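Residue numbers (the numbering used here): 104 to 239.
Glycine residues also receive a C-beta, built at the ideal position from the N, C-alpha and C atoms.
All figures in this text were calculated on a predicted structure; none of them were measured in a lab.
Structure first, then comments.
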């Protein structure tokens with residue numbers, strides 16, 4: 104069962120596909136005191152990698168990107184959490200589907216008795232609509 108549904112901002116940037124790039128970025132975030140809820144990376148071409156993170160707070164990451172002259176893309180998404188149990192995503196997926204809302208992308212994982220998932224929808228208004236489905 105989903106216990107938490109909230110809007111988050113995913114921040115993505117392309118970086119060179121070189122050994123140690125992700126470690127270097129993680130070190131900078133640590134040094135700046137910027138915490139992240141999630142991070143993932145995937146190929147963005149033959150020589151670049153797209154790194155996507157969901158920061159605990161967006162403003163420090165915006166400032167850091169501006170200081171470093173790095174281009175970032177911000178995408179509103181839905182973050183969910185709950186206890187890890189069989190069928191944990193079913194109630195969320197069913198309610199979203201019954202509302203006629205299509206999920207564009209998602210990832211979920213479980214660890215030590217809990218699960219979390221992040222979902223991308225068509226736009227920020229749709230994200231707000233999904234969060235409202237679970238308010239109250």
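Who pairs with residue 155 in a beta bridge, going by DSSP?
DSSP links residue 155 through a beta bridge to 115 and 143.
Requested in this report: State the DSSP-derived secondary structure class of residue 126, mapped to helix, strand or coil.
Outcome: Reduced to three states, the DSSP call for residue 126 is helix.
- Message: Can you confirm whether the stretch 197-210 touches the stretch 110-120 when touching is taken to mean that 3 or more C-beta pairs between the two stretches lie within less than 8 Å?
- Response: The stretch 110-120 vs the stretch 197-210: no contact.
| message | Quick check: the Cα distance between residue 104 and residue 236, rounded to an integer number of angstroms? | response | If I take the Cα positions, the gap works out to 15 Å.
Rounded to the nearest angstrom, what separates residue 182 and residue 220 at their Cα positions?
Between the alpha carbons of residue 182 and residue 220 lies a gap of roughly 6 Å.
For residue 108, which residues in the same chain have their Cβ closer than 7 Å to its Cβ, ignoring the five residues on either side in sequence?
Excluding residues within five positions, the ones whose Cβ falls inside 7 Å are 181, 183, 234 and 237.
Short check: CB of residue 217 to CB of residue 186, under 8 Å?
The beta carbons of residue 217 and residue 186 sit closer together than 8 Å.
| Going along the chain, which residues of its own chain have a beta-carbon closer than 7 Å to the beta-carbon of residue 132, five neighbours each way excluded? | For residue 132, where only same-chain residues beyond five positions count, the Cβ hits under 7 Å are 139.
So which of 154, 188 and 174 has the shortest CA-CA distance to residue 214?
It is 188.
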